[in-house]
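Here's the structure, in structure tokens; my notes come after.
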Amino acid sequence: MDQRIILHVDFDYFYAQCEEVRKPDLKTKPVVVCMFSDRGGDSGAVATANYTAREFGVKSGLSIQFAKQKLKDRDDTAFLPADFEYYSELSEKYMNIIKKFADIFEYVGRDEAYLDISEKSERSFTKAGHIGQQIKNEIREKTKLTCSVGISPNKLLSKIASDYKKPDGLTTITPDDVSEFMKKLEIRDIPGIGIKTEQKLAEEHIQTINETRNLDVFTLINMFGRKTGTYIHNAIRGIDDEPVTVRAPTLQLSKITTLKEDSIDYTFLERNMLELCEKLHSAVLKENKMFRAVGIHLIQNDLSTKTRSRMLKNPTLNLDEIKKTSTQLLKDALVEQTIPIRRIGVKVSELSDLEGQSNITSYF
DNA sequence: GACTAGTGTCGAC
DNA sequence: TTACGGTCGACACTAGTC
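Using my numbering, the letters of the first sequence correspond one by one to residues 95 to 458.
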């Protein structure tokens, strides 16, 4: 097979950079973009923080309270509520700048994308490097933002590469570099290997990529299942065949909220659930989808989760169907419930496009 | 066995 | 020392059906 050249672009601390765009004087201050929960006060988590805030140990995922603690000596810190609509708007604009450099463009999230540039780079890593630099330059000129770019023979390595030097980095891994490059990595640098996988390996006294290499694929499959085991076996060797493809249509939509207070009271939970159903239904209409499954998600106050779901007879976009099914699932789930619920959510899945359907109906 | 439905877990952003 | 969001996709595992 011909050499592929894949490029991964990742905007640095994207949400915080977006805030700096509309308020440039933030640039000299610590900026923490927060997702406040409905519980009020400082309940919630950090979405992202700029590098000034990171110097104080603040990073995404931390509780807002903890972040405030760490930044208590910087009274100029901006703790801003996340404005996802605004970030999405900018993201769309910025992605359009990048798109034209790609043979195939894959949008991954507001702040990242994969580009297959095999043809455009004429399969030369030198030329690919020039393209990477061009992308960074154009983004900087047109948006004042910095991004980090990774270039390699596959998606996995390009993602690792874009993360390797941040912010404002450009890292290329040629096929000849792969083996040396992998040696420098920690297990957790591999996308898809998180805390649980790391712990499970540690239980077997496996702490490094090199030690993991000593496990044969059957052992890994035994530990993690067929797909995950095979994935890990390949990933630690820098092997990945996933093609860059245009983003697949959404498979599920959901709404979740943190309750004002922990509860096991059906009436209270139902009231919150019905509100979520309304919001979810709006999202379904906006996306022009029909659904054929409804599910609920309960997070108990020890952070353990309970989910219930049900397939419907036919695809529908009826709000009452969501309400009826989710409240019934809630009722069933609460039988013998002793642990109070902290967060509650509702989801629709098995989505299908309404567009084709409505065309057919209007045809008759 | 292949397939579907349902529950729970993990990981990424 | 703790503190803890919302959304989505992938997959493991189990049970039931044909």
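Note that beta-carbon positions come from the ideal geometry of N, C-alpha and C, so glycine has one too.
Practice task
With DSSP as the reference, label Asn453 as helix, strand or coil.
Solution key: By one-based count along the first sequence, residue 453 stands at place 359. Residue placement at Asn453 is flagged as unreliable, the pLDDT there being 39, under the threshold of 50; a coordinate-derived value is accordingly withheld.
Practice task
Could you tell me which of Thr401, Thr432, Leu379 and Leu397 sits nearest to Thr410, measuring between CA atoms?
Solution key: Position 316 of the first sequence, counted from the first residue, corresponds to residue 410. Residue Leu379 is the option with its Cα nearest to Thr410.
Problem - Met317 versus Asp310: straight-line alpha-carbon distance, rounded - result: As a position in the first sequence, residue 317 is number 223, starting the count at 1. As a position in the first sequence, residue 310 is number 216, starting the count at 1. Answer to the nearest angstrom: the Cα atoms are 11 Å apart.
Handout entry: Extent of the continuous alpha helix (DSSP H) to which Ser212 belongs
Key = In the first sequence, counting from the first residue as 1, residue 212 sits at position 118. It is not in any alpha helix (DSSP H) - Ser212 carries neither H nor E in the DSSP assignment.
Exercise for the section: Compare the C-alpha of Arg98 against each of Arg204, Asp396 and Tyr208 and name the closest. Expected result: By one-based count along the first sequence, residue 98 stands at place 4. Checking every option, the nearest Cα to that of Arg98 belongs to Tyr208.
Problem - Classification of Tyr325 by the beta-carbon crowding that lies within 10 angstroms, buried from 16 upward - result: Here residue 325 corresponds to residue number 231 of the first sequence, with the count starting at 1. Counting Cβ neighbours within 10 Å, Tyr325 comes out buried, since at least 16 surround it.
Handout entry: the region 130-147 touching the region 276-289, judged by at least three CB pairs closer than 8 Å
Key = no
Handout entry: Whole-angstrom distance between Glu298 and Ser398, CA atom to CA atom
Key = Along the first sequence, one-based indexing puts residue 398 at 304. Along the first sequence, one-based indexing puts residue 298 at 204. C-alpha separation (whole angstroms): 26 Å.
Exercise for the section: Look up Leu314 in the DSSP assignment and say whether it is helix, strand or coil. Expected result: Here residue 314 refers to the residue found at position 220 when the first sequence is read from its first residue. In the structure shown, Leu314 sits in a helix (DSSP, three-state: H, G or I).
Practice task
Below 6 Å CB to CB, which residues in the same chain sit around Gly151 once its five sequence neighbours on both sides are set aside?
Solution key: Here residue 151 refers to the residue found at position 57 when the first sequence is read from its first residue. Cβ neighbours of Gly151 beyond the five flanking positions: Lys164.
Exercise for the section: Given a cut-off of 9 Å, decide if Ser242 and Gly263 are closer than it, judged by their beta-carbon atoms. Expected result: Start at 1 with the first residue of the first sequence, and residue 263 comes out as number 169. Start at 1 with the first residue of the first sequence, and residue 242 comes out as number 148. Yes, these two residues count as a Cβ contact at 9 Å.
Problem - Inter-residue CB distance, Ile350 and Gln394 (contact presumed, cutoff 8 Å) - result: For the purposes of this step, residue 350 is identified with residue 256 of the first sequence, where counting begins at 1. For the purposes of this step, residue 394 is identified with residue 300 of the first sequence, where counting begins at 1. With 8 Å as the limit, Ile350 and Gln394 do not qualify as a contact, their Cβ atoms being about 14 Å apart.
Problem - Entirely enclosed beta strand (DSSP E) segments - the region 332-376, minimum 3 residues - result: 346-357
Practice task
Determine the contact status of His102 and Ala255, defining contact as a CB-CB distance below 9 Å.
Solution key: Stepping through the first sequence from its first residue, residue 102 is reached at position 8. Stepping through the first sequence from its first residue, residue 255 is reached at position 161. Yes, the pair counts as a contact, with Cβ atoms nearer than the cut-off.
Exercise for the section: Check whether the region 226-244 touches the region 127-145, counting contact only when three or more Cβ pairs, one atom from each stretch, lie closer than 8 Å. Expected result: no
Handout entry: Opening and closing residue of the beta strand (DSSP E) in which Ile158 lies
Key = Taking the first residue of the first sequence as 1, we reach residue 158 at position 64. Careful: Ile158 lies outside any beta strand (DSSP E), inside the alpha helix (DSSP H) at Ile158 to Lys164.
Exercise for the section: Would you tell me roughly how many angstroms separate the C-alpha atoms of Tyr258 and Thr265, rounded to the nearest one? Expected result: Against the first sequence, residue 258 aligns to sequence position 164. Against the first sequence, residue 265 aligns to sequence position 171. Going by the C-alpha atoms only, they are around 7 Å apart.
Handout entry: Where Gln227 falls: helix, strand or coil (DSSP)
Key = Walking along the first sequence from the start, residue 227 turns up at place 133. Helix at Gln227.
Practice task
Assess, as a yes-or-no matter, whether the region 331-339 is touched by the region 430-444 under the definition of 3 or more beta carbon pairs within less than 8 Å.
Solution key: no
Exercise for the section: Would you mind listing the beta strand (DSSP E) stretches within the region 243-284 that are 3+ residues and don't spill past its ends, in chain order? Expected result: 264-266
Problem - Outcome for Gly319 when other beta-carbon atoms lying within 10 angstroms are tallied against a minimum of 16 - result: By one-based count along the first sequence, residue 319 stands at place 225. By the 10 Å Cβ count, Gly319 comes out exposed.
Handout entry: Cβ neighbour criterion (16 or more within 10 Å) applied to Ala329
Key = Counting from one through the first sequence, the residue named residue 329 turns up at place 235. Buried, by the Cβ-count rule.
Exercise for the section: Check whether the region 100-116 touches the region 156-170, counting contact only when three or more Cβ pairs, one atom from each stretch, lie closer than 8 Å. Expected result: no
Practice task
Take Arg402 as the anchor and find which of Ile225, Ile438 and Val140 has the nearest alpha-carbon.
Solution key: As a working note, residue 402 is residue 308 in the first sequence. Among Ile225, Ile438 and Val140, the Cα nearest to that of Arg402 is on Ile438.
Exercise for the section: With a threshold of 16 other CB atoms inside 10 Å of the CB of Leu345, please say whether the residue is buried or exposed. Expected result: Working through the first sequence from its first residue, we reach residue 345 at position 251. Counting Cβ neighbours within 10 Å, Leu345 comes out exposed, since fewer than 16 surround it.
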